[in-house]
Structure formats: structure tokens, C-alpha cells
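Novice: Residue numbers (the working numbering): 293 to 535.
1. Within a Cβ cutoff of 8 Å, which residues of the same chain sit near residue 435, ignoring the five residues on either side of it in sequence?
2. Only counting the same chain, and skipping five residues up and downstream in sequence, which positions put a Cβ closer than 6 Å to that of residue 312?
3. Identify the continuous alpha helix (DSSP H) that holds residue 321 and give its terminal residues.
4. Quick one: what's got a C-beta closer than 7 Å to residue 399's C-beta in the same chain, skipping five residues either side?
5. I think residue 497 touches residue 362, with their Cβ atoms under 8 Å apart; what is that distance to the nearest whole Å?
6. Please report the straight-line C-alpha distance between residue 439 and residue 476, rounded to a whole angstrom.
7. Between residue 493 and the rest of its own chain, which residues show a CB-CB distance below 6 Å, the 5 nearest in sequence each way excluded?
8. When you compare the CB positions of residue 352 and residue 332, do they come within less than 7 Å of one another, or not?
9. Given residue 358, which residues of its chain have a CB within under 8 Å of its CB, disregarding the five upstream and five downstream residues?
10. Looking only at C-alpha atoms, which of 487, 318, 408, 480 sits nearest to residue 389?
11. Please name the residue, chosen from 310, 324, 306, 486, that lies closest to residue 410 on a Cα-to-Cα basis.
12. From which residue to which residue does the alpha helix (DSSP H) around residue 463 run?
13. Can you give me the C-alpha to C-alpha distance between residue 307 and residue 453, rounded to a whole angstrom?
14. Candidates 491, 465, 458, 451: which alpha carbon is nearest residue 384's?
15. How about residue 370 and residue 461: do their beta carbons lie closer than 7 Å?
16. Given a cut-off of 7 Å on the beta-carbon distance, is the pair residue 465 and residue 374 in contact?
17. Can the beta-carbon of residue 401 be found closer than 7 Å to that of residue 489?
18. Under a three-way DSSP split, which group does residue 435 fall into?
19. Just confirm the distance between the C-beta atoms of residue 322 and residue 396, as a whole number of angstroms; I'd bet it's less than 8 Å.
20. Hey, how far is the Cα of residue 408 from the Cα of residue 480?
21. Skipping 5 residues on each side, what residues in its chain have a beta carbon closer than 8 Å to that of residue 420?
22. With distances taken from CA atoms, which of 428, 314, 349, 367 is nearest residue 305?
23. Have a look at residue 320 and residue 334 and give me their C-alpha separation to the nearest angstrom.
24. The beta strand (DSSP E) spanning residue 308 covers which residue range?
25. Hey, would you say residue 538 sits closer than 7 Å to residue 315, going by beta carbons?
Now the structure itself:
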């Protein structure tokens with residue numbers, strides 16, 4: 293896969309695990325919106341036909357030999373994108389929940405503002421998106437915790453519909469949270485004094501399959517991520533004192 297040398301130099305990254313039912317349509321939709329941008333599907337050792345469906349739809353596929361989880365899957369894509377010289381990467385999940393029609397909005401903010409990350413937000417500017425009760429509680433908790441850490445509010449801290457520029461790509465290609473990456477990635481950006489912005493968008497129901505995130509797993513997610521955030525902060529403060 294060779295990087296596009298157009299004005300945008302953009303790669304669309306789609307992490308996927310057992311998304312054979314949705315991935316083909318996701319790739320088709322992305323290619324309709326940004327026909328000149330290469331599409332990279334990182335197949336996280338799926339047990340179904342995800343790789344075949346993605347290839348048939350016209351995507352480049354990086355097939356991981358072992359299941360790394362979402363963070364490892366995304367980092368593999370970031371690392372390859374950085375090594376190939378891309379300036380911008382926009383991540384779209386493989387289940388079809390992210391509407392590719394918002395990709396130009398995310399890219400426009402990345403290019404025009406110089407921010408390091410842009411987040412497609414379900415809740416920014418009161419765009420009225422709803423979610424499950426447990427997830428809503430988790431998002432509310434994360435907003436409260438992240439506000440003093442980041443120095444600015446973030447309305448949708450769990451969104452995976454994100455774009456990054458080359459500076460953030462360099463950081464994430466070397467170090468990226470592995471298990472539940474979205475929130476801890478914001479903390480990593482803050483430590484680098486990088487900037488992020490949110491862009492309003494609407495999410496859709498997944499196009500196929502079933503989410504593996506149950507109510508119990510959602511509670512585990514909240515606790516696990518909060519612990520990860522605090523550990524990251526303590527490590528960073530410890531390094532600062534030792535300098």
C-alpha cells in the first residue's frame with residue numbers, strides 16, 4: 293500500500309474483529325465519500341470472513357496473526373500509516389455505526405485548525421444522540437474526571453470516530469492504550485500538550501452482528517478505564533518529579 297500524495301494525504305483506518313456482515317458495506321460507503329483515500333482494514337485475527345469481505349470491497353487489509361484487542365489493532369494501523377508517511381488518519385469502526393459522510397467534516401477541522409485530534413461527537417452542540425443507561429452513566433463519569441485533567445470539556449470521550457494528524461500519529465505509533473483506548477488516548481494527548489476538538493455527528497445502529505459489550509462489561513469498562521487514567525497520571529507526575 294502506497295500513501296496518497298494528494299493535498300489531503302489521508303488514510304481511512306478501519307479496525308475490525310468478526311465483522312464479516314458489515315465490513316463490506318462500510319468499505320463501500322467510505323470509498324463513495326472519499327474515493328481518492330486509501331482504506332486500510334486491520335483484521336484483528338477474525339474467525340469469520342472479515343478479511344475476504346474487506347478485500348472484495350476494495351480495501352487493503354492488514355491481517356494480524358493474533359487477536360490484540362481494539363487498542364493493539366488501532367496501534368498497528370497507526371504504526372503502518374506513520375511509516376508510510378500519511379499526514380492524516382481517520383478511524384471508522386467496522387460495524388457500521390460511524391457514518392462516513394462526516395469524514396470530510398473531521399478532515400476539514402484537522403487541516404484548518406492544526407489540532408492534533410478531532411472527535412466525531414454524538415453529544416456535541418446538543419445533537420441529541422441517545423445511548424444505553426449504563427453507557428450514559430459511564431460517559432457522564434468520564435466527562436467529570438477528564439474535565440480537570442484535559443483543561444477543557446469533552447462531550448463524547450468514548451467515541452471511536454476520530455481523526456489524527458501526523459504529530460499525534462507519531463506518538464500513537466509508539467505508545468497507545470491497548471484495552472480501552474479512547475479515553476486514555478486523550479490523557480496521552482494532554483501530557484504532550486496536544487489539542488483536540490469535537491465535531492457534531494450522528495451515530496447509527498450497528499449494521500450486523502451483536503455488540504459484545506453487556507451491562508456487566510460496561511461497568512467493568514468504567515472501573516478499568518478510571519484506574520488506567522489515574523495510573524497514567526501518577527506515572528507522568530513521577531517522571532516529572534524525577535526530571
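In this text, a Cβ means the ideal position worked out from N, Cα and C, and glycines have one as well. Just so you know, these numbers come straight off a predicted model, no measurement behind them.
Specialist: Quick look at the numbers:
1. As a first step, residue 435 must be located in the chain shown, where it is residue number 143. Cβ within range, chain order: 445, 446, 447, 449.
2. Reading the chain shown from its first residue, position 20 is the one you call residue 312. Answer for residue 312: 340, 341, 342, 345, listed in chain order.
3. Here the question's residue 321 lines up with position 29 in the chain shown. Counting along the chain, the alpha helix (DSSP H) containing residue 321 begins and ends at 315 to 325.
4. Translated into positions along the chain shown, residue 399 becomes position 107. 300, 302, 380, 382, 455, listed in sequence order.
5. One-based indexing of the chain shown puts residue 497 at position 205. One-based indexing of the chain shown puts residue 362 at position 70. Rounded, the Cβ-Cβ distance is 19 Å, inconsistent with contact.
6. One-based indexing of the chain shown puts residue 439 at position 147. One-based indexing of the chain shown puts residue 476 at position 184. One C-alpha to the other measures close to 13 Å.
7. Within the chain shown, the letter at position 201 stands for residue 493. Here the set comprises 394, 412.
8. One-based indexing of the chain shown puts residue 352 at position 60. One-based indexing of the chain shown puts residue 332 at position 40. For residue 352 and residue 332, yes; Cβs fall inside 7 Å.
9. One-based indexing of the chain shown puts residue 358 at position 66. Setting aside the 5 residues that flank it on each side, residue 358 is surrounded in the same chain by 337, each with a C-beta closer than 8 Å to its C-beta; the list follows chain order.
10. Within the chain shown, the letter at position 97 stands for residue 389. The residue with the shortest Cα to Cα distance from residue 389 is 318.
11. Within the chain shown, residue 410 is the residue found at index 118, counting from 1. Ranking the options by Cα distance to residue 410, first place goes to 486.
12. As a working mapping, residue 463 is identified with position 171 in the chain shown. Counting along the chain, the alpha helix (DSSP H) containing residue 463 begins and ends at 458 to 466.
13. Indexing the chain shown from 1 puts residue 307 at position 15. Indexing the chain shown from 1 puts residue 453 at position 161. In this structure, the CA atom of residue 307 is about 11 Å from the CA atom of residue 453.
14. Start at 1 with the first residue of the chain shown, and residue 384 comes out as number 92. Residue 451 is the option with its Cα nearest to residue 384.
15. Here residue 370 refers to the residue found at position 78 when the chain shown is read from its first residue. Here residue 461 refers to the residue found at position 169 when the chain shown is read from its first residue. Cβ distance < 7 Å, so residue 370 and residue 461 count as in contact.
16. The residue labelled residue 465 in the question sits at position 173 within the chain shown. The residue labelled residue 374 in the question sits at position 82 within the chain shown. Yes, the Cβ-Cβ distance between residue 465 and residue 374 is below 7 Å.
17. If you number the chain shown from 1, residue 401 lands on position 109. If you number the chain shown from 1, residue 489 lands on position 197. Yes. Within cutoff.
18. Locating residue 435 in the chain shown gives position 143, counting from the first residue. Of the three classes helix, strand and coil, the one that applies to residue 435 here is helix, per DSSP.
19. Here the question's residue 322 lines up with position 30 in the chain shown. Here the question's residue 396 lines up with position 104 in the chain shown. Not really, about 12 Å apart at Cβ, beyond 8 Å.
20. As a position in the chain shown, residue 408 is number 116, starting the count at 1. As a position in the chain shown, residue 480 is number 188, starting the count at 1. Going from the Cα of residue 408 to the Cα of residue 480 covers about 12 Å.
21. Numbered from its first residue, the chain shown carries residue 420 at position 128. Annotation note: pLDDT 49 at residue 420 (below 50); position unreliable, no value reported.
22. As a position in the chain shown, residue 305 is number 13, starting the count at 1. Nearest option by C-alpha distance: 367.
23. Mapped onto the chain shown, residue 320 falls at position 28. Mapped onto the chain shown, residue 334 falls at position 42. Roughly 16 Å between the two C-alpha positions.
24. Numbered from 1 along the chain shown, position 16 holds the residue referred to as residue 308. Run containing residue 308: 302 to 308, per the beta strand (DSSP E) assignment.
25. What is shown of the chain runs 293 to 535, which leaves residue 538 out entirely.
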